[in-house]
Amino acid sequence: MPIPTISFAPIFGKDDVSRARVVAQVRDACLKYGFFQLVDHGVPQDLFDEMIKQSASFFSLPEDVKERYSKEQDKFQRGYERLRAQNFEKRTAGDLKEGYYFGADLPLDHPRVVAGKFNMGPNKYPKEVTDPVKFKETMDTYYSTMLSLSKTILQVLCETMEISNEWMSEFLDIPIATLRLLHYPPQAPDASEFERGIGQHTDFGAVTILLQDGIGGLQVWDRDASAWIDATPQRGALVINLGNLMMRWTNDRYLSNLHRVINKSGKQRYSVPFFLAGNPDFLVKCFPKCADEIKGPKYPPVTVQRWMEGRYADTYNTSQDKALGELSQSEAKAGMA
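Sequential numbering from 687 applies to the sequence shown in our numbering.
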């Protein structure tokens, strides 16, 4: 059964009955899949098309040019990430993808940057792309648009749990929010059975908003069927999924679900995820309404900064055992079978 498609048109309207219906749909999707496809979200198709176009413009550059913008040049988590730099399943030389990172574009003298907060610093905008001015304009516009949409999504999630959204202003105060351009080359016909565009994983933060091109390849784990299901691209739709912070907030009521990418299309695949993690100093702890009345919360409180630093280290620098353990999902073992 495919992950559900949900229209946010009533969220931007004034019909309380229709809004309540959408809230219920989102709640069901969070409980069953931790994923849904979002339509009628207010983001124009022209912006989506331009994002994919500009992404392809960068990734078509020679390797030595792309490396001039390597994110390994500094500690800000900005810029180019070479092919196979990340490795989730630890079964191959690395995931068959390359990427480019953006975040809040902060100057070096900004207090968050001076304090060494995770993922805080200036962006890198390549000059060798076809239209550098258009590239920067598109990235900045898309980033601010996704940040605004993520706020709306969080507000709806609060409604699904019938909790106050007063915590959101602190959580969204100059948040760790990463925009990534991703390029997945086609997998070779004779590639290992363990070859992945990106290995199975759960996302680290609170909410992810994903723009796909039309190629496909994203798969989501269906717990009930014990099988992978395709998140088939829909023109104009965004794929929304919950991250591990939402799992901690809700005491595992909502699902931060396993997903992966396998690109056997024979074509180049492009996608643009926006990962919202939140204010690095924000303390994530179980919403009181979600805690077990007898056992209490499953997870201890943790700051966004500490959580994100640990998760990045797991996927870039540690052993398979630790990386898999951080999934904190009983179905992770089933998914690896």
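Ideal Cβ placement from N, Cα and C applies to all residues, glycine included.
| Check | Outcome |
| --- | --- |
| Check each candidate in Asp-899, Asn-809, Met-994 and Glu-753 and name the one with the smallest Cα separation from Pro-919. | Asp-899 |
| Can you find at least 3 beta carbon pairs, one from the stretch 931-941 and one from the stretch 976-985, that sit closer than 8 Å? | yes |
| Per DSSP, which residues does Leu-865 bridge with? Please list them. | Phe-788 and Phe-960 |
| Given this structure, state the Cα-to-Cα distance separating Thr-894 from Ala-863, to the nearest angstrom. | 10 Å |
| Evaluate the contact criterion for the stretch 805-823 versus the stretch 837-855: three or more CB pairs, one atom per stretch, below 8 Å. | no |
| In terms of alpha-carbon separation, which member of Asp-967, Ser-942, Pro-871 and Arg-921 lies closest to Leu-931? | Ser-942 |
| Please confirm whether Phe-722 and Ile-692 have their CB atoms less than 9 Å apart. | yes |
| Taking Cβ positions only, does Phe-821 come closer than 9 Å to chain D? | Of the chains in the structure shown, none is chain D; there is only one protein chain. |
| Starting from the Cα of Ile-860, find the closest Cα among Asp-908, Ser-834 and Arg-997 and give me that residue. | Ser-834 |
| Let's see if you can read the secondary structure: which residues bound the beta strand (DSSP E) around Asp-826? | No beta strand (DSSP E) contains Asp-826, which is instead part of the alpha helix (DSSP H) from 818-847. |
| Along the alpha helix (DSSP H) that carries Glu-856, what are the first and last residues, could you check? | 854-857 |
| Just how far apart, CA to CA, sit Ile-884 and Ile-901? | 15 Å |
| Per DSSP, which residues does Leu-904 bridge with? Please list them. | Val-947 |
| In its own chain, which residues sit with a C-beta less than 8 Å from the C-beta of Lys-950, not counting the 5 before and 5 after it? | Pro-872, Gln-873 and Gly-903 |
| Specify, as a first and last residue, the run of the beta strand (DSSP E) that Gln-898 falls within. | 893-898 |
| Go ahead and label Leu-1010 buried or exposed: buried means 16 or more other beta carbons lie within 10 angstroms of its beta carbon, across all protein chains shown. | Confidence is the limiting factor: at Leu-1010 the pLDDT is only 37, short of 50, which leaves the residue's position unreliable, though a coordinate-based value still follows. Result: buried. |
| Could you check how far apart the C-beta atoms of Phe-788 and Asp-781 are, in whole angstroms? I think they sit under 8 Å. | So it is not a contact: roughly 20 Å between Cβ atoms. |
| Please list, in chain order, all residues of the same chain as Gln-711 whose beta carbon is under 6 Å from its beta carbon, the five residues on each side excluded. | Ile-692 |
| Is DSSP giving Tyr-998 helix, strand or coil here? | helix |
| By how many angstroms is the C-alpha of Asp-750 removed from the C-alpha of Leu-896? | 28 Å |
| Would you call the CB atoms of Trp-993 and Leu-944 closer than 9 Å? | no |
| Just to confirm before moving on: does the CB-CB distance between Gly-785 and Leu-717 stay below 9 Å? | no |
| Measuring straight from C-alpha to C-alpha, what distance separates Glu-823 and Asp-732? | 13 Å |
| Please report how far the alpha carbon of Asp-826 lies from the alpha carbon of Ser-878, in whole angstroms. | 38 Å |
| Decide if Ile-797 is buried, meaning its Cβ has at least 16 other Cβ atoms within 10 Å, or exposed. | The question names Ile, yet the displayed sequence has Pro at residue 797. So Pro-797 counts as exposed. |
| Give me the residue from Pro-690, Tyr-956 and Pro-974 with the minimum Cα distance to Gln-740. | Tyr-956 |
| Output the boundary residues of the beta strand (DSSP E) element that contains Ser-743. | It is not in any beta strand (DSSP E) - Ser-743 instead sits in the alpha helix (DSSP H) that spans 731-745. |
| Measuring alpha carbon to alpha carbon, tell me which residue in Tyr-998, Leu-969 and Leu-843 is nearest Asn-927. | Leu-843 |
| Mind checking which residues open and close the beta strand (DSSP E) that includes Val-925? | 924-928 |
| Determine the burial state of Phe-880: buried for a count of at least 16 other Cβ atoms within 10 Å of its Cβ, exposed for fewer. | exposed |
| Under a three-way DSSP split, which group does Gln-723 fall into? | strand |
| Can you give me the C-alpha to C-alpha distance between Tyr-766 and Tyr-755, rounded to a whole angstrom? | 5 Å |
| Considering only residues of the same chain and omitting the five flanking positions on each side of Thr-1001, which have a CB-CB separation below 8 Å? | Gln-772, Asn-773, Phe-774, His-887 and Ala-1009 |
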